[in-house]
Amino acid sequence: MSREGEQAAFKSEVKQWLKSHGLGYKWLAEQCGISEITVRNWMSQKAVPVLKQRLVRRIIDRAPAAPGEAGQGMVPGVEVDAALSLTVKVSPEVYRKLEEKALQEGASIGSMLARAISGLVG
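The opening residue of the sequence shown carries number 1333 in the numbering used here; numbering runs sequentially from there.
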């Protein structure tokens, strides 16, 4: 496949993935640490640099499942967005429980969660 053909296939795949996950160019730009206009230029006319293609593939591979593809073990009141960074949105009830647990441990919520993550990967 020619370089242009590879670019077209990559762009098509990225556009389809973003659409299926309800995400847009702004989200992808934030994940890549670039401007939204750069992503728009890539998708419409400019070539996506090889290193950025690798980054985008890694983001896609590590991103949460699309709506309707969620696996078992989901916690009510907790929403996780994990690509190259981790954002956790919790309901007020879950946050209150985390605060109580952190207080019992004499720690902040952030340090308590950091220890929990360290235990998962360490």
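C-beta atoms are modelled at their ideal positions from N, C-alpha and C, and glycine is treated no differently.
Note to self: Determine whether the beta carbon atoms of L1360 and V1371 lie at a separation below 8 Å.
What the structure shows: By one-based count along the sequence shown, residue 1360 stands at place 28. By one-based count along the sequence shown, residue 1371 stands at place 39. Yes; because the gap between Cβ atoms is below 8 Å, this pair is in contact.
Notebook entry, point to check: For the alpha helix (DSSP H) that contains L1418, what are its first and last residues?
Noted result: Stepping through the sequence shown from its first residue, residue 1418 is reached at position 86. From DSSP, L1418 is part of no alpha helix (DSSP H) but of the beta strand (DSSP E) over L1418 to V1422.
Item checked: Proximity of A1434 and S1440 at Cβ, strictly below 8 Å -> Counting from one through the sequence shown, the residue named residue 1434 turns up at place 102. Counting from one through the sequence shown, the residue named residue 1440 turns up at place 108. Cβ distance < 8 Å, so A1434 and S1440 count as in contact.
Note to self: Do A1379 and Q1339 count as a contact pair if the criterion is CB distance below 8 Å?
What the structure shows: The residue labelled residue 1339 in the question sits at position 7 within the sequence shown. The residue labelled residue 1379 in the question sits at position 47 within the sequence shown. In this structure, A1379 lies closer than 8 Å to Q1339 by Cβ.
Next item on the list: Figure out for me which residue from P1424, E1345, K1421 and V1420 has the closest Cα to the Cα of Q1385.
Entry: The residue labelled residue 1385 in the question sits at position 53 within the sequence shown. That would be E1345, whose Cα lies nearest to the Cα of Q1385.
Check: CA-CA distance, M1444 and E1362?
Finding: Taking the sequence shown and counting its residues from 1, one reaches residue 1444 at position 112. Taking the sequence shown and counting its residues from 1, one reaches residue 1362 at position 30. Approximately 26 Å between the Cα atoms of the pair.
Check: How would you call V1309, buried or exposed, if buried means at least 16 neighbouring beta carbons within 10 angstroms?
Finding: An answer regarding residue 1309 cannot be provided, because it is not within the stretch 1333 to 1454 covered by the chain.
Next item on the list: Check Q1377 in the structure and name its three-state DSSP category.
Entry: Sequence index remark: in the sequence shown, residue 1377 carries index 45 (1-based). Residue state, collapsed to three classes: coil.
Margin query: Using only the alpha-carbon positions, how far apart do S1352 and V1388 sit?
Written below: Numbered from 1 along the sequence shown, position 20 holds the residue referred to as residue 1352. Numbered from 1 along the sequence shown, position 56 holds the residue referred to as residue 1388. Looking at the two C-alpha atoms, the distance is approximately 16 Å.
Next item on the list: Go ahead and pull the three-state DSSP assignment for I1333.
Entry: Walking along the sequence shown from the start, residue 1333 turns up at place 1. What sits at residue 1333 in the sequence shown is Met, not Ile. M1333: coil per DSSP, three-state reduction.
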